[in-house]
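In mature numbering (1 follows the signal peptide of the UniProt record, and there is no 0), the protein residues as written are -21 to -1, 1 to 244.
Okay, structure first, notes after.
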């Protein structure tokens, strides 16, 4: 009889322990839910200001933390292939997104073309009067900054412009390569180069006392500038990433993108 009572007591103690353990787990899960998740977004450098503004608005009603990393799209692709954390990728080039799709890194169903942009020629305040597309091959222009063509889509578009204008051999010694479009912008603003090629969205950020946009490049001189986005196939925060992804396609986000010079698809 004593053995039965002891067995019953032990069973009750075990059941109570399980119940409390379960409650503890529930509390932890609830706390995590209250805190929100962390979404890692890797995006082209030209998206920095617009996306940061959109994230600020998003966080007013959502507790998910958005962690961002901005760089040249090609560099970001290499980071993703090297297993860097990423839930959502926004590229400034179809080619870079194609590379990830072919390597089976993205959720193919989530891929969309979000935005468009315009390639522009900018110059320092002092050089703006003499810098034109036709003047690139003349002595009036000594140095031209572009993004590194292998990793920066804007740099690749610039090289296509030179090729289609048939001036590559005449400007190649003038080229100064930068890590991304923001670096090109900085080179011009600081006077390290006379001119450079950036997106219209970057040109709009030029300090008016230091530089200005002198020309929009004809679309026929380069591949279409498209910004595709996609959720990563192995995202650990797929649901939260999808919620943010939807938000950047809604009216508020569209308005912000347009304010910064993007065209919305």
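All C-beta atoms, glycine included, are put in the ideal place defined by N, C-alpha and C.
This one's a predicted model, so the numbers in the text were calculated from it and none came from an experiment.
Taking 4 residues as the minimum length, the alpha helix (DSSP H) runs contained wholly in the region 37 to 81 are 52 to 60, 73 to 81, in order along the chain. Sequence-distant Cβ neighbours of residue 37 in its own chain, meaning closer than 6 Å and more than five residues away, are 226. Between residue 220 and residue 40, the gap from beta carbon to beta carbon reaches 8 Å or more.
In chain order, 75, 78, 79 place their CB closer than 7 Å to the CB of residue 56, counting only its own chain and leaving out the 5 sequence neighbours on each side. In the DSSP assignment, residue 91 falls within the unbroken beta strand (DSSP E) covering 91 to 95.
The criterion of a C-beta distance shorter than 8 Å is not satisfied by residue 204 and residue 89. In the DSSP annotation of this structure, the continuous segment of the beta strand (DSSP E) that includes residue 192 starts and ends at 190 to 195. Distance check between residue 193 and each of 15, 173, 64, 34 places 173 closest, using alpha-carbon atoms only.
A residue is called buried when at least 16 other Cβ atoms come within 10 angstroms of its Cβ; residue 159 meets this threshold and is buried. Assignment of residue 111 by DSSP, reduced to helix, strand and coil, places it in the coil class. In the structure shown, residue 173 adopts coil according to DSSP, grouped into three states. In the DSSP annotation of this structure, the continuous segment of the alpha helix (DSSP H) that includes residue 221 starts and ends at 217 to 226.
If you compare the alpha carbons of 141, 181, 150, 131 with that of residue 157, the shortest gap goes to 131.
Going by C-alpha positions, residue 114 is about 13 Å away from residue 175.
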